[in-house]
Amino acid sequence: MTSFVDLKFINKVSSQLERFKEKKKYLFNFRCPYCGDSKKSKWKSRGYFYRVKVDMFYKCFNCGVGTNLANFLKKIDHNIYKEYVVEKFQGNTKQLKNTSKFDFRPTKFVDKNILDDLKKISDLNNNHPARRYLTKRKIPEGFLDKLYLCDNWQKWVNKVKPGVLNVQHPNNEVPRLIIPFFDTNDDVFAFQGRAFGKELPKYMTIKLDENKQKIFGLERINLHEKVYIVEGPLDSLFLPNSLAAAGSDLDLRIRPENQVYIFDNEPRNKEIVARMYKCIDSNNNIVVWPNDVKEKDINEMVISGKNIAQIRDIISKNIYNKLSALTKLNNWKRC
Ligand SMILES: [Zn+2]
1392 MTSFVDLKFI NKVSSQLERF KEKKKYLFNF RCPYCGDSKK SKWKSRGYFY RVKVDMFYKC
1452 FNCGVGTNLA NFLKKIDHNI YKEYVVEKFQ GNTKQLKNTS KFDFRPTKFV DKNILDDLKK
1512 ISDLNNNHPA RRYLTKRKIP EGFLDKLYLC DNWQKWVNKV KPGVLNVQHP NNEVPRLIIP
1572 FFDTNDDVFA FQGRAFGKEL PKYMTIKLDE NKQKIFGLER INLHEKVYIV EGPLDSLFLP
1632 NSLAAAGSDL DLRIRPENQV YIFDNEPRNK EIVARMYKCI DSNNNIVVWP NDVKEKDINE
1692 MVISGKNIAQ IRDIISKNIY NKLSALTKLN NWKRC
């Protein structure tokens, strides 16, 4: 006996489930149709199909609803439900009733955490070069347990996502700083490897879940307050309510007036300037750094001695949109 019939019907009903995805074999995740999951966050999905012996069950970790697949289908689509009953029980609904006496104890369904093989920076002693590197960059202590050290980038990447770094290269057989991207459920869906030395590329971002946008900081963001969007994950650690978009265009589905884009201070970088224009086109707020700021990003400003309050002050005084943003940008760019 297998869950073949159950899987077939999960597949059938999946198009009606929001953010549906297969997490691994016999484990599916999507937004809970009973409670709607979270009204505030479109990202939250806490409903799961999971397997117990030969049958699939449903559990929501938000509202706590737990039921067998038959009852779940009955709620979502009555026709699919009727087909299911015929196929699974050959019309024998007595048997179906018995299966509903299942004990739905919450289970944690986290995939084996890819970070288990790595060392947290906060666990390294103060003299360890990786820890010293972050101290030198003045990264706030409180974040050191969210950053990791990988001793051999090539080996580790090929283990957690085979096929990404196929070409053996001495530049890859080295340690890197691992910056994990967590989703709102605290699951890692991507990570960035930052070189400690001169290896190129300096940053490599690898997605484990191709359906997700490369956004760093989702687990600590409040989308109801003003969100600051910077380029680099490490820069975002210095600002409250801040995300890093890791160089990609992002769609947060929040009102433009609630988001402020902060690009690196690189007026000669054509790519950045083009993205700033695009941002203004979409009616977003952007920061145009004043001329007396010479450092090229927030972390450099911190390293050069500016304190967080000073940086926040510069940011708040230099937010522009629409025509004023265009004027400022035209004067600022050097390319
Ligand atoms: Zn629910």
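Position 150 of the sequence shown, counted from 1, bears residue number 1541 in the working numbering, the numbering being contiguous throughout.
Just so it is clear, CB atoms sit at the ideal spot from N, CA and C, and this is done for glycine as well.
Check, Outcome
"Is it a yes or a no for the segment 1572–1590 touching the segment 1393–1405, going by three-plus beta-carbon pairs under 8 Å?", "no"
"Looking at residue 1425 and ligand 1, is the gap between the Cβ and the nearest heavy atom below 8 Å?", "yes"
"Would you identify the three-state DSSP class for residue 1446, choosing helix, strand or coil?", "strand"
"Mind checking residue 1454: buried by the 16 CB within 10 Å criterion, or exposed?", "exposed"
"With a CB to CB cut of under 6 Å and the five nearest residues on each side skipped, what residues in its chain are close to residue 1588?", "none"
"State the DSSP-derived secondary structure class of residue 1726, mapped to helix, strand or coil.", "coil"
"I'd like to confirm the pairing. Which residues does DSSP put opposite residue 1420 in its beta bridges?", "1412 and 1439"
"Below 8 Å on the Cβ atoms is my guess for residue 1540 versus residue 1549; work out the distance and round it to an integer in Å.", "The pair is not a contact, with the Cβ atoms about 18 Å apart (cut-off 8 Å)."
"Skipping 5 residues on each side, what residues in its chain have a beta carbon closer than 6 Å to that of residue 1396?", "1478 and 1479"
"Kindly give me the distance between the Cβ atoms of residue 1653 and residue 1621, rounded to whole angstroms, as I take these residues to be in contact under 8 Å.", "5 Å"
"Considering only their Cβ atoms, is the gap separating residue 1512 from residue 1536 smaller than 9 Å?", "yes"
"From the DSSP output, in three-state form, read off residue 1485 for me.", "Since pLDDT at residue 1485 reaches only 49, below the 50 mark, its modelled position is unreliable, and the value read off the structure follows with that caveat. Residue state, collapsed to three classes: helix."
"Kindly list the residues whose CB is nearer than 8 Å to the CB of residue 1515, restricted to its own chain and excluding five residues on each side of it in sequence; keep chain order.", "1521, 1522 and 1540"
"Using only the heavy atoms of ligand 1, determine whether one of them is closer than 8 Å to the beta carbon of residue 1375.", "Look at the range of the chain in this structure, 1392 to 1726, and you will see that residue 1375 is not part of it."
"Around the Cβ of residue 1415, are there at least 16 other Cβ atoms within 10 angstroms (buried) or fewer (exposed)?", "exposed"
"Can you tell me the Cα-Cα spacing of residue 1439 and residue 1725, whole angstroms?", "52 Å"
"How far does the beta strand (DSSP E) with residue 1585 in it extend, from its first residue to its last?", "1579–1586"
"Which whole-angstrom value is the C-beta distance of residue 1623 and residue 1672, which I expect to be below 8 Å?", "23 Å between Cβ atoms; not a contact."
"When DSSP builds the beta bridges, which residues end up paired with residue 1598?", "1581"
"I want to check one thing, is the minimum distance from the CB of residue 1456 to the heavy atoms of ligand 1 below 8 Å?", "yes"
"Do the segment 1624–1637 and the segment 1658–1677 meet, that is, are 3 or more Cβ pairs less than 8 Å apart?", "no"
"In whole angstroms, give me the CA-to-CA distance for residue 1528 and residue 1691.", "8 Å"
"At what residues does the beta strand (DSSP E) containing residue 1541 begin and finish?", "1539–1541"
"Helix, strand or coil for residue 1425? Go by DSSP, reduced to three states.", "coil"
"Excluding the 5 residues preceding and the 5 following residue 1680 in the sequence, name in chain order all residues of the same chain whose CB lies nearer than 6 Å to its CB.", "1656"
"Identify which residue in 1437, 1722 and 1450 has its Cα closest to the Cα of residue 1659.", "1722"
"Write down the C-beta distance between residue 1475 and residue 1419 rounded to the nearest angstrom, noting that I regard them as a contact closer than 8 Å.", "Incorrect: roughly 16 Å between the Cβ atoms, too far for contact."
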